[in-house]
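Please read the structure below before turning to the comments.
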Amino acid sequence: MQKLSKKSLLVVISGPSGVGKDVIIEEMINQNPSDYHFTITATTRKSRVNELDGVNHYFLSVKEFTLMIDNDELLEWAKVYGNYYGVPKKQVTNALRDGNHVIIRVDVQGAKRIKTVMPEALLIFIHPPNLDILKNHLIRRGVNSDKDISIRLAEAKKEIPQSKTFDYSIINEENKLNETVEKIYKIISTKSQN
0 MQKLSKKSLL
10 VVISGPSGVG
20 KDVIIEEMIN
30 QNPSDYHFTI
40 TATTRKSRVN
50 ELDGVNHYFL
60 SVKEFTLMID
70 NDELLEWAKV
80 YGNYYGVPKK
90 QVTNALRDGN
100 HVIIRVDVQG
110 AKRIKTVMPE
120 ALLIFIHPPN
130 LDILKNHLIR
140 RGVNSDKDIS
150 IRLAEAKKEI
160 PQSKTFDYSI
170 INEENKLNET
180 VEKIYKIIST
190 KSQN
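Structure representation (structure tokens):
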């Protein structure tokens, strides 16, 4: 992969629960671009199978998380589906200072909060091809109850129209992960040249 950073960007990847944000980020990391920093978010939720502390998230107690809030260590934070999530500030500021593009994966509300504190952030909304596919992703994940899935789908119906406030929207088509990742890289490459 070519060196992209003419200008470091703060890139926020967002979209409804189950749309594939984690898989997209994992693929981007696997492609190992040298001038990208992928933030690791802090959360109070329990880790899922195959998730590692300090790799997928920082898994914290509520007490540890609220201490980070009190010490103003988070760029943004929220309570989502009963758990706290937040983006540690230091990772972002250090990576931007070092000339890297910073990639943050957050929910739709988190993306809006980041845009408020960092207006230069580039927001990319990931759409599901349709709600049936989104529902299937949530079911296949195997960690959500039927009630949970219904809540997440209802929230997705509210979040999808908000994509109009984002800088870019991409449909994460089934079995076309590489194409989705390539579209993200192309947006970043174009914007970093401007």
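The sequence shown begins at 0 in numbering that gives the first Met the number 0 and counts up one residue at a time.
The C-beta atom is built at its ideal place from N, Cα and C for all residues, glycine as well.
Bear in mind the structure is a predicted one, so any value in this text is a computation, not a measurement.
Check, Outcome
"Option nearest K62 by Cα separation, candidates D52, N49 and A41", "A41"
"Pairwise C-alpha distance: I169 and P140", "Going by the sequence as given, residue 140 is Arg instead of Pro. Cα to Cα, the separation comes out at about 22 Å."
"R44, enclosing alpha helix (DSSP H) - first and last residue", "Per DSSP, R44 belongs to no alpha helix (DSSP H) and is neither H nor E."
"Whole-number beta carbon distance between L8 and K190, since they are thought to touch under 8 Å", "6 Å"
"Y184: first and last residue of the uninterrupted alpha helix (DSSP H) it sits in", "L176 to Q192"
"Buried or exposed (CB count within 10 angstroms, at least 16 for buried), N99", "buried"
"Contact set for I28: own chain, Cβ-Cβ below 8 Å, skip 5 residues either direction", "F37"
"Nearest-angstrom beta carbon gap, L59 and I43 [assumed within contact, 8 Å]", "The sequence given here places Thr at residue 43; Ile does not occur at that position. Going by Cβ atoms, the distance from T43 to L59 rounds to 6 Å, so yes, they are a contact pair."
"Segments of 4+ residues assigned as alpha helix (DSSP H) that fall wholly inside the region 122–148", "130–140"
"Rounded C-alpha distance that separates N174 from K182", "15 Å"
"Backbone CA spacing between M0 and P32 [nearest angstrom]", "Because M0 sits at a pLDDT of 32, beneath the cut-off of 50, its placement in the model cannot be relied upon, and the following sentence gives the value as read from the coordinates. Spanning the two alpha carbons is a distance of roughly 6 Å."
"Run of the beta strand (DSSP E) containing K78, from where it starts to where it stops", "L73 to V79"
"Own chain partners of L122 with C-beta closer than 7 Å, once the 5 adjacent residues on each side are dropped", "V11, S13, A110, K114, F165 and D166"
"Boundaries of the beta strand (DSSP E) in which I170 is found, first to last residue", "Y167 to I170"
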